[in-house]
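Undergrad:
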Amino acid sequence: MPELPEVEIIARQLREEVVGRRITQARVLWDRAVQGMEARAFEADVAERAIIGVGRRAKYLLLTLGAADGVAATDDSAPAAGSAMPTDLAANVTDATNDADERVLIIHRRMSGNVILVGPDELAAGAEAFDPYTRVDFTLDDGWHLVFSDPRKFGRVALITPDALPAYFAAIGPEPLEAAFTAEALSARLANRRGPIKATLLDQSVIAGLGNIYADEALFRARIHPLRPANSLTPDELRALRDGIQGALETGVAHGGVTFGRHRDIHNEAGTNLAHVEAYQRTGQPCLRCGAPIRRIVVGQRGTHYCPECQRLP
DNA sequence: CTATAAACCTGCTGGC
DNA sequence: TGCCAGCAGGTTTATA
0 MPELPEVEII
10 ARQLREEVVG
20 RRITQARVLW
30 DRAVQGMEAR
40 AFEADVAERA
50 IIGVGRRAKY
60 LLLTLGAADG
70 VAATDDSAPA
80 AGSAMPTDLA
90 ANVTDATNDA
100 DERVLIIHRR
110 MSGNVILVGP
120 DELAAGAEAF
130 DPYTRVDFTL
140 DDGWHLVFSD
150 PRKFGRVALI
160 TPDALPAYFA
170 AIGPEPLEAA
180 FTAEALSARL
190 ANRRGPIKAT
200 LLDQSVIAGL
210 GNIYADEALF
220 RARIHPLRPA
230 NSLTPDELRA
240 LRDGIQGALE
250 TGVAHGGVTF
260 GRHRDIHNEA
270 GTNLAHVEAY
280 QRTGQPCLRC
290 GAPIRRIVVG
300 QRGTHYCPEC
310 QRLP
């Protein structure tokens with residue numbers, strides 16, 4: 000469900016709403032939602048920590064938590080809205096006076112996960128009553144709750160020390176919305192890839208943050224057939240693809256993410272990007288450029304939508 | 001190393 | 001109306 004734009008939306012909202020709040024309690028309702036440690040240990044280590052920063056890397060949501068002694072570390076490196084990149088976290092790591100006591104709470108929503116901020120009134124009957132798919136329930140010091148809901152149970156939370164961040168993301172490719180993501184950089188990432196470009200765009204070690212929707216959208220914008228070998232693109236096509244990737248993602252962010260499916264923002268509201276999707280799930284409907292019916296094929300086990308006229312194989 | 005398939009889960013949709 | 005196969009926006013693991 001959530002790809003880069005949907006996670007970015009959540010990160011921005013959380014930055015406005017929960018930075019400065021303290022997590023008084025963490026309750027894991029489905030133990031396997033916790034990655035890398037026992038659920039009870041996770042609960043114990045999260046409790047009484049203040050949220051001092053919010054970031055995003057790829058499709059991962061990152062909440063920097065202060066020491067649990069009740070005195071939150073000063074957040075001199077609070078990320079500005081819209082720049083929740085690893086550089087901010089790196090700054091946190093180097094600037095903080097007591098990083099050894101800090102933690103990074105990592106949340107990945109996978110297919111069906113949502114992170115929702117819920118008021119005390121709504122939660123009066125309990126998190127399970129509010130949402131039967133609640134997997135982790137964080138109580139904040141102002142009485143609100145951060146609820147991680149996930150029907151399909153694919154989503155995961157993890158808690159690591161800041162110095163473990165580089166290793167955690169060692170296998171994740173570059174952020175496509177950063178200035179360094181040029182056509183040349185994209186070309187280098189695709190150089191040894193002979194598989195179909197659509198499948199390669201979904202490989203998070205090649206590029207971070209693209210999922211099935213935005214991969215289709217990026218290829219549609221760039222007029223590139225999804226089955227083209229990734230390393231066969233011309234310089235012009237590489238430029239078009241870079242622009243297509245950034246354009247599709249930025250459009251997604253601008254409209255709060257996709258409308259269909261289960262994606263919700265932290266206020267449990269759907270996004271409005273449905274009207275701005277040009278290829279994804281438009282099978283049989285006319286191409287917005289040429290009118291030809293959009294076709295659906297399967298590439299790398301994933302449904303793939305493209306215009307057979309605008310996106311041709313050579 | 002690259003590439004493909006299966007596995008992890010549950011809910012929803014469409015066809016019969 | 002009711003049932004069931006098939007499908008779903010992601011990642012990890014196992015196998016070629």
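Numbering (numbering that gives the first Met the number 0), first residue to last: 0 to 313.
Just so it is clear, CB atoms sit at the ideal spot from N, CA and C, and this is done for glycine as well.
Please return the same chain residues whose Cβ sits closer than 8 angstroms to the Cβ of G194, not counting the five positions on each side in sequence.
TA: Closer than 8 angstroms at the Cβ level, and outside the excluded window around G194, lie P228, A229, G299.
Undergrad: Tell me where the alpha helix (DSSP H) around Y213 begins and ends.
TA: It spans 211-221 - the alpha helix (DSSP H) in which Y213 sits, taken as one unbroken run.
Undergrad: Once the 5 residues before and after R311 are set aside, which same chain residues still bring their CB inside 7 angstroms of it?
TA: So the qualifying residues of the chain are H224.
Undergrad: May I have the straight-line CA-CA distance separating R48 from E42, to the nearest angstrom?
TA: If you take the alpha carbons of R48 and E42, they lie about 11 angstroms apart.
Undergrad: For the pair the stretch 51-66 and the stretch 99-117, tell me if three or more CB-CB distances fall below 8 angstroms.
TA: The stretch 51-66 vs the stretch 99-117: in contact.
Undergrad: Grouping DSSP H, G and I as helix and E and B as strand, with all else coil, what is D74?
TA: Per-residue confidence for D74 stands at a pLDDT of 49, beneath the threshold of 50, marking its modelled position as unreliable; the derived number appears in the next sentence. DSSP places D74 in coil when its eight states are reduced to three.
Undergrad: Taking contact to mean at least 3 C-beta pairs separated by less than 8 angstroms, is the stretch 200-220 in contact with the stretch 240-248?
TA: At 8 angstroms Cβ cutoff, the stretches touch.
Undergrad: Alpha carbons only, please: which of A25, P175, R220, D100 is nearest the one belonging to I159?
TA: Considering only alpha carbons, the answer is D100.
Undergrad: Tell me, which residues are paired with Y59 by DSSP?
TA: Answer is R56, H107.
Undergrad: Classify Q12: buried if its beta carbon has 16 or more other beta carbons within 10 angstroms, exposed otherwise.
TA: So Q12 counts as buried.
Undergrad: What do you get for L139, buried or exposed, if any count of 16 or more other CB atoms within 10 angstroms of its CB means buried?
TA: Flag for L139 reads buried.
Undergrad: Just the Cα atoms here: how many angstroms apart are A25 and V156?
TA: Spanning the two alpha carbons is a distance of roughly 12 angstroms.
Undergrad: Rounded to the nearest angstrom, what separates A239 and A163 at their Cα positions?
TA: Distance between the alpha carbons of A239 and A163: 36 angstroms.
Undergrad: Kindly identify the DSSP beta-bridge partner or partners of Y305.
TA: Beta-bridge pairing links Y305 to R294.
Undergrad: At which residues does the alpha helix (DSSP H) containing V6 begin and terminate?
TA: Residues 3-16.
Undergrad: Quick check on A83: buried or exposed, where buried means 16 or more other Cβ atoms within 10 Å of its Cβ?
TA: Summary for A83: the model assigns pLDDT 42, below 50, so the residue's position carries little reliability; its value from the coordinates is reported in the next sentence. Buried, by the Cβ-count rule.
Undergrad: Flag this pair as yes or no: are the beta carbons of I212 and G251 separated by less than 9 angstroms?
TA: Yes, they are a contact pair.
Undergrad: Look at the alpha carbon of L189 and the alpha carbon of A170, and state the distance between them as a whole number of angstroms.
TA: Cα to Cα, the separation comes out at about 15 angstroms.
Undergrad: Mapping the DSSP letters down to three states, classify A239 as helix, strand or coil.
TA: In the structure shown, A239 sits in a helix (DSSP, three-state: H, G or I).
Undergrad: State the Cα-Cα distance for the pair R21 and A291, rounded to the nearest angstrom.
TA: Those two C-alpha atoms are separated by around 54 angstroms.
Undergrad: On a Cα-Cα basis, can you pick out the residue from A128, E7, E15, T271 that is closest to L28?
TA: The shortest Cα separation from L28 among A128, E7, E15, T271 belongs to A128.
Undergrad: Classify Q310 as helix, strand or coil using the three-state DSSP reduction.
TA: DSSP places Q310 in coil when its eight states are reduced to three.
Undergrad: Helix, strand or coil: how does DSSP classify Q300 here?
TA: Coil.
Undergrad: Closer than 6 angstroms by C-beta to F137: which residues in its own chain qualify, once you throw out the five before and the five after it? Chain order, please.
TA: Hits under 6 angstroms: I22, A25, L145.
Undergrad: Please work out which residues of its chain come closer than 6 angstroms, Cβ to Cβ, to L226, disregarding the five sequence neighbours upstream and downstream, and give them in chain order.
TA: Closer than 6 angstroms at Cβ, skipping near neighbours: P195.
Undergrad: Once DSSP output is grouped into helix, strand and coil, what is the label at N113?
TA: Residue state, collapsed to three classes: strand.
Undergrad: Less than 8 angstroms between C-beta atoms, sequence neighbours within five positions excluded: which residues of the same chain meet that for A45?
TA: Looking at the sequence shown, residue 45 is not Ala but Val. Counting only Cβ-Cβ distances below 8 angstroms, and skipping sequence neighbours, we find I22, A25, L64, R102, L104, F137, L158.
Undergrad: Taking C-alpha atoms, which residue in R220, E249, A278 lies nearest to L237?
TA: Out of R220, E249, A278, R220 has the C-alpha closest to the C-alpha of L237.
Undergrad: For A32, which residues in the same chain have their Cβ closer than 8 angstroms to its Cβ, ignoring the five residues on either side in sequence?
TA: Closer than 8 angstroms at Cβ, skipping near neighbours: A38, R134, V135, F147, D149, K152, G154, R155, V156.
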